[in-house]
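These notes concern the structure reproduced below.
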Amino acid sequence: MQKAEILLHQVERHICEAECCITRQQMVITKLEQGGRTAAVAHARDLLTATLASLEASWAHRRALLLERY
């Protein structure tokens, strides 16, 4: 397998892991909403927003590295 294919596979794996993390956080938010836990919902949404921002920065960095190399 070429180096670029290996890197692409790693990126795909990280995307899958991130999607699972986001799905879990969304499920937690739904359960908190159903339980009427307003403050906890706000906190969980803040965590989800931070997770998404972190992922976005990470993917931008990885993309830049891949474009630089290939």
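Those letters in the sequence shown? Residues 92 to 161, per our numbering, in order. A virtual CB, placed ideally from N, CA and C, is assigned to each residue, including glycine.
| Item | Value |
| --- | --- |
| To the nearest angstrom, how far is it from the Cα of residue 117 to the Cα of residue 139? | 8 Å |
| Return the chain-ordered list of same chain residues with a C-beta closer than 6 Å to the C-beta of residue 113, the five sequence neighbours on each side being excluded. | none |
| Could you compute how far the alpha carbon of residue 155 sits from the alpha carbon of residue 98? | 13 Å |
| Let me know if residue 106 comes out buried or exposed under the rule of 16 or more other beta-carbons within 10 Å of its beta-carbon. | exposed |
| From this set, 111, 121, 94, which residue's C-alpha is nearest residue 136's C-alpha? | 121 |
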